[in-house]
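Everything below concerns the one structure shown next.
Number of protein chains: 2
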Amino acid sequence: MTTADSHNGRRLTARGAKTRTRIVTAASDLMYVKGVRATTLDDVLAASGVSKSQLYHHFDGKDALVRAVIDHVGERVIEREREALGHVSTIRGLRRWRDALVQNNALRHGAYGCALGSLASEVSDHDALARQALSRLFTEWQGLLAGVLRRLQDGGGLAPEASADQLATGLIAALQGGYMLAQTARDVTPMATALDMALAHIESLSKG
Amino acid sequence: MTTADSHNGRRLTARGAKTRTRIVTAASDLMYVKGVRATTLDDVLAASGVSKSQLYHHFDGKDALVRAVIDHVGERVIEREREALGHVSTIRGLRRWRDALVQNNALRHGAYGCALGSLASEVSDHDALARQALSRLFTEWQGLLAGVLRRLQDGGGLAPEASADQLATGLIAALQGGYMLAQTARDVTPMATALDMALAHIESLSKG
DNA sequence: ACCTAATTGGACTAGATAGTCCCATAAGGT
DNA sequence: ACCTTATGGGACTATCTAGTCCAATTAGGT
Numbered sequence: 001m002t003t004a005d006s007h008n009g010r011r012l013t014a015r016g017a018k019t020r021t022r023i024v025t026a027a028s029d030l031m032y033v034k035g036v037r038a039t040t041l042d043d044v045l046a047a048s049g050v051s052k053s054q055l056y057h058h059f060d061g062k063d064a065l066v067r068a069v070i071d072h073v074g075e076r077v078i079e080r081e082r083e084a085l086g087h088v089s090t091i092r093g094l095r096r097w098r099d100a101l102v103q104n105n106a107l108r109h110g111a112y113g114c115a116l117g118s119l120a121s122e123v124s125d126h127d128a129l130a131r132q133a134l135s136r137l138f139t140e141w142q143g144l145l146a147g148v149l150r151r152l153q154d155g156g157g158l159a160p161e162a163s164a165d166q167l168a169t170g171l172i173a174a175l176q177g178g179y180m181l182a183q184t185a186r187d188v189t190p191m192a193t194a195l196d197m198a199l200a201h202i203e204s205l206s207k208g
Numbered sequence: 001m002t003t004a005d006s007h008n009g010r011r012l013t014a015r016g017a018k019t020r021t022r023i024v025t026a027a028s029d030l031m032y033v034k035g036v037r038a039t040t041l042d043d044v045l046a047a048s049g050v051s052k053s054q055l056y057h058h059f060d061g062k063d064a065l066v067r068a069v070i071d072h073v074g075e076r077v078i079e080r081e082r083e084a085l086g087h088v089s090t091i092r093g094l095r096r097w098r099d100a101l102v103q104n105n106a107l108r109h110g111a112y113g114c115a116l117g118s119l120a121s122e123v124s125d126h127d128a129l130a131r132q133a134l135s136r137l138f139t140e141w142q143g144l145l146a147g148v149l150r151r152l153q154d155g156g157g158l159a160p161e162a163s164a165d166q167l168a169t170g171l172i173a174a175l176q177g178g179y180m181l182a183q184t185a186r187d188v189t190p191m192a193t194a195l196d197m198a199l200a201h202i203e204s205l206s207k208g
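Chains R and G are the protein sequences, given in the same order.
For reference, each letter of the first sequence is one residue, going 1 to 208 in the UniProt record's numbering.
For reference, each letter of the second sequence is one residue, going 1 to 208 in the UniProt record's numbering.
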């Protein structure tokens, strides 16, 4: 938790925590689908069934709510990726990771893009704190991928002179760019193609 | 021009065309920096120095203006890319293209991202017509890159069995993902790294 | 039981924003 | 010259939205 549980260091009862969570999850869902700017506080209230005073009791305003949403979505994504990547040490494992992402995105025909990427492109130029939080999350994600690549190197599946960090950055970029193209085309194909190119490159470095 | 010069098939005098252009260019700049949703019509009026009736004379509303902005920005980007890529037929030429994009983005420390990509991620889930226009623009851009790769193949600089189209898609995805990561980190490095990975992959396919 | 603080409900306000309207002026064809 | 149409200025409206406020209720420690 990078954000305080309550915005003013107040104590938080079980009921209060539950309300806070309801607000954040509702806001997260709405902002993913409608976008941050297009999601109004009234939308959040209606979706979560809480009143305005509760929202302002837990958050200083919309910006603070957006930051809480970033923390929440970030935690969910990182958790998912940690489970998916934490013990991967082969190219085949990396391909399974790719398949899961592609299949998941195919369900929506590419719509909405990456939960983190959409937030990032909408918020980065507008809120410095939010941007930094997102930047840290991407760094963490990149670290998980770099870990996989290093394990690959340890097992001889990737040339030791390759830079795991740079390859991980390239892999995330391909993923994010793929998400965006898929969102625009309403078709997963470009996302799959982009990931395949990145993976093919990594694989090719085992035969260097 | 995919959009009619005037929204109702009216005739357009030189003065009218000039006003229309002033509106679109001002809106394009504002929406690039502030985002589409955060740019109000009053912002556009103030920046372009025209009155509200003129705006509604030329456009049916904000959505129509956004679509005109997409056409305008798209034309500019495609024109720039056509000049940069139209006659490139070597890896070195592709690297010069990379350098120009990276240097240009470095001037802003990554802020604002790609003119087309930012529009795409903000608008794709909200306006089907706009999304389709952007999708066509990305396809055109991808076609320019595929052309380069095919010329590379003709000159023996790329294995003929490689798919120029898929590599071009991967290249654009790396670029767009790189833009997004650079925007979030406020640092061009990830964009440069992503492009370098894509180019290294293409280069590696000449020695297959 | 009692007292303090957390929690909740919801009306209310100030300001922003997309869109409308009406009338004035300029242009260009005939 | 004249008449039609394009262009222009800007006040006005309806609505939406973030944020405020106050009073009522619940929880939890002692």
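Where a beta carbon is used, it is the ideal one built from N, C-alpha and C, also for glycine.
Counting of Cβ neighbours within 10 angstroms places Gly156(R) among the exposed residues, the total staying below 16.
Going by DSSP, Phe138(G) is part of the alpha helix (DSSP H) stretching over Ala128 to Asp154. Taken in chain order, the unbroken stretches of alpha helix (DSSP H) that lie wholly in the region 158–198 of chain R and span 4 residues or more are 164–185. No Cβ of chain R is located within less than 8 Å of the beta carbon of His72(G). Per the C-alpha coordinates, the member of Gly147(G), Ala120(G) and Leu107(G) positioned closest to Tyr112(R) is Ala120(G). Annotation: Cβ neighbours of Gly117(G) in chain R (cutoff 7 Å, chain order): Met180. The criterion of a C-beta distance shorter than 8 Å is satisfied by Ile172(R) and Leu181(G). Non-local beta-carbon contacts of Ser48(R) in its own chain, meaning distances under 6 Å to residues more than five positions away in sequence, involve Arg22, Ile23 and Ala26 in chain order. When the beta-carbon positions are compared, Thr184(G) and Arg37(R) stay at least 8 Å from each other.
When Cβ-Cβ separations below 8 Å define contact, Arg37(R) makes contact with chain G.
Boundaries cannot be given for Val36(G), as no alpha helix (DSSP H) includes it and DSSP labels it neither H nor E.
A direct Cα-to-Cα measurement between Ala128(G) and Arg15(R) gives close to 42 Å.
The three-state reading of DSSP puts Leu119(R) in helix, counting H, G and I together. At a Cβ-Cβ threshold of 8 Å, Ala168(G) and Leu195(G) do not count as neighbours.
Going by DSSP, Tyr56(R) is part of the alpha helix (DSSP H) stretching over Lys52 to His58. DSSP places Val77(G) in the helix class (H, G or I) of the three-state scheme.
The beta carbon of Pro190(R) falls within 8 Å of a beta carbon belonging to chain G, placing the residue at that interface. At a cut-off of 8 Å between beta-carbon atoms, Asp125(G) makes contact with chain R. Nearest neighbour of Glu203(G) by Cα position, chosen from Ser89(G), Leu55(G), Asp29(G) and Asp60(G), turns out to be Ser89(G).
Within the region 157–169 of chain R, Gln166, Leu167 and Thr169 place their CB atoms closer than 8 Å to a CB of chain G, listed in sequence order. Residues of the UniProt DNA-binding region "H-T-H motif" (40–59) of chain R that bring their beta carbon within less than 7 Å of a beta carbon in chain G are absent altogether. Distances from the CA of Leu101(G) to each of Ala192(G), Gln142(G) and Ala64(G) were compared; the closest alpha carbon is that of Ala192(G).
Residue-level contact by beta carbon fails for Leu85(G) and chain R, as no gap is shorter than 8 Å. Chain R has no Cβ within less than 8 Å of the Cβ of Met31(G). Listed in chain order, the positions of the region 128–148 of chain R with a beta carbon within less than 7 Å of a beta carbon of chain G are Arg131, Leu134, Ser135 and Phe138.
In the DSSP assignment, Val102(R) falls within the alpha helix (DSSP H) that extends over Ile91 to Leu107. Taken through DSSP and simplified to helix, strand or coil, Asp29(G) comes out as helix. At a C-beta separation below 9 Å, Ile172(R) has these neighbours in chain G: Gly177, Leu181, Pro190 and Ala194. Identification of chain G residues near Glu122(R) by a Cβ-Cβ cut-off of 8 Å yields Gly35, Ser121 and Glu122, ordered along the chain.
In this structure, Ser51(G) lies near Leu45(G), with their beta-carbon atoms less than 8 Å apart.
Judged by DSSP in its simplified three-state form, His87(G) adopts coil rather than helix or strand.
If you draw a straight line from the Cα of Arg186(R) to the Cα of Leu149(G), it is about 26 Å long. DSSP places Asp125(R) in the coil class of the three-state scheme, outside both helix and strand. Residue-level contact by beta carbon fails for Ser206(R) and chain G, as no gap is shorter than 8 Å. Listed along chain R, the residues sitting closer than 7 Å to Ala185(G) by beta-carbon distance are Ser135. Using a Cβ-Cβ cut-off of 7 Å, Gly113(R) is close to Ser121 of chain G, given in chain order.
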